[in-house]
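J.: Going down the list, the sequences are from chains A and B. Note that my numbering gives residue 50 to position 50 of the first sequence, counting from 1, and the numbers run on in steps of one. Note that my numbering gives residue 150 to position 35 of the second sequence, counting from 1, and the numbers run on in steps of one. Built from N, CA and C at the ideal position, the CB exists for glycine as well. Keep in mind that this is a model prediction, so the values were computed, not measured.
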Amino acid sequence: AQSVTQPDIHITVSEGASLELRCNYSYGATPYLFWYVQSPGQGLQLLLKYFSGDTLVQGIKGFEAEFKRSQSSFNLRKPSVHWSDAAEYFCAVDPYGGSQGNLIFGKGTKLSVKP
Amino acid sequence: KAGVTQTPRYLIKTRGQQVTLSCSPISGHRSVSWYQQTPGQGLQFLFEYFSETQRNKGNFPGRFSGRQFSNSRSEMNVSTLELGDSALYLCASSSDNAYEQYFGPGTRLTVT
């Protein structure tokens, strides 16, 4: 079955430490890939996206993600975490190339930041 | 450019009632998608509209319906509300030639 897996439900990192959030997907072709962030009680904000080309993509707020076709992964990274990064992060996949408005989301990873 | 707006932001309804939620997309965006977010099921796709036509529908019962107007604003309706319909309902819009979706702040629906 088509799915998006975020294996870590909750991660705690110290402020200033590096961060990597994992995302794996199971689709036959390379889908369009996204990372979103959600603060409590808020909607989703797009951090970055991958459609094709360079497998390392840069996003907002200092985030980057790397697409690895061989591992069906699209992991999100940040070299130095700030307290304001505490939020929930969602990996999403569009298996239809934007033609049907249907994103498949992972269950999310909640990030806590220690001072 | 203004973002996606959703009204109302909070809503409390009683089981058996119906509810209508509204979404105004980013100016120029013709695609509007709706999602339900719950702690147990996460984010699930409800349906998507483009130029007043439903192009895609998720796996939800017929009590969930939607429509889109000529100005691209969209509404979703839930009839015969159940306790399990309590959720954050998110609307997202995208432009014709871009594939990313931009989300509104959501409507928090509580069914008692």
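Which residues in chain B sit within 7 angstroms of Gln-42 (chain A), going by Cβ to Cβ distance?
T.: In chain order: Pro-220.
J.: Name the chain A residues whose beta carbon is nearer than 8 angstroms to that of Ser-148 (chain B)?
T.: In chain order: Gly-101, Asn-102, Leu-103.
J.: Assign Lys-172 (chain B) to one of three DSSP states: helix, strand, or coil.
T.: Looking at Lys-172 (chain B) - three-state DSSP - the assignment turns out to be strand.
J.: So Tyr-204 (chain B) packs on Val-119 (chain B), CB below 8 angstroms; how close in whole Å?
T.: Between Val-119 (chain B) and Tyr-204 (chain B) the Cβ distance is about 12 angstroms, and since that is not below 8 angstroms, they are no contact.
J.: Give the range of the beta strand (DSSP E) segment to which Val-134 (chain B) is assigned.
T.: Its beta strand (DSSP E) spans residues 134-139.
J.: Along the chain, where does the beta strand (DSSP E) containing Leu-19 (chain A) start, and where does it finish?
T.: Looking at the DSSP string, the run of the beta strand (DSSP E) that includes Leu-19 (chain A) is 19-21.
J.: Provide the residue span of the beta strand (DSSP E) that contains Ile-127 (chain B), from first to last.
T.: Element bounds for Ile-127 (chain B): 125-128.
J.: Taking 7 angstroms as the threshold (beta carbon to beta carbon), is Glu-190 (chain B) in contact with chain A?
T.: Chain A, which has no Cβ nearer than 7 angstroms to the Cβ of Glu-190 (chain B), makes this no.
J.: Could you work out which residue in B:Gln-156, B:Ala-117, B:Asn-171 is closest to Ser-201 (chain B) when comparing CA atoms only?
T.: Among B:Gln-156, B:Ala-117, B:Asn-171, the Cα nearest to that of Ser-201 (chain B) belongs to B:Gln-156.
J.: How would you write the range of the beta strand (DSSP E) that Val-119 (chain B) sits in, first residue to last?
T.: Val-119 (chain B) -> no beta strand (DSSP E), and no H or E assigned at all.
J.: Looking at the structure shown, is Arg-223 (chain B) part of a helix, part of a strand, or coil, going by DSSP?
T.: DSSP places Arg-223 (chain B) in strand when its eight states are reduced to three.
J.: Taking Cβ to Cβ, would you say Arg-77 (chain A) is nearer than 7 angstroms to Glu-88 (chain A)?
T.: No, they are not a contact pair.
J.: Enumerate in chain order the residues of its own chain whose CB-to-CB distance from Ser-187 (chain B) is below 7 angstroms, with the five nearest sequence positions on each side excluded.
T.: Here the set comprises Pro-140, His-144, Arg-145, Val-147.
J.: Using only the alpha-carbon positions, how far apart do Ala-86 (chain A) and Ser-112 (chain A) sit?
T.: Cα-Cα distance, rounded: 5 angstroms.
J.: Does Leu-111 (chain A) come out as helix, strand or coil in the three-state DSSP assignment?
T.: Leu-111 (chain A) falls in the strand class under three-state DSSP.
J.: Quick check on Tyr-25 (chain A) - is its C-beta less than 7 angstroms from some C-beta in chain B?
T.: For Tyr-25 (chain A), the answer is no, since every Cβ of chain B falls outside 7 angstroms of its Cβ.
J.: Name the chain B residues that come within less than 9 angstroms of Leu-46 (chain A), Cβ to Cβ?
T.: The contacting residues are Glu-215, Gln-216, Tyr-217, Phe-218.
J.: Count the CB pairs spanning the region 171-191 of chain B and the region 116-132 of chain B that are closer than 8 angstroms, and state whether there are at least three.
T.: No, they do not touch.
J.: Name, please, each residue of chain B whose Cβ falls closer than 9 angstroms to the Cβ of Phe-90 (chain A).
T.: Near Phe-90 (chain A) (Cβ distances below 9 angstroms), the residues of chain B are Gly-157, Leu-158.
J.: Apart from the five residues just before and just after Ser-73 (chain A), which ones in its own chain have a Cβ nearer than 6 angstroms to its Cβ?
T.: Taken in chain order, the residues that qualify are Asn-24.
J.: Look at the alpha carbon of Leu-103 (chain A) and the alpha carbon of Pro-95 (chain A), and state the distance between them as a whole number of angstroms.
T.: Going by the C-alpha atoms only, they are around 8 angstroms apart.
J.: Closer than 9 angstroms by beta-carbon distance: list the chain A residues that pair up with Leu-205 (chain B), in chain order.
T.: Result: Gly-43, Leu-44.
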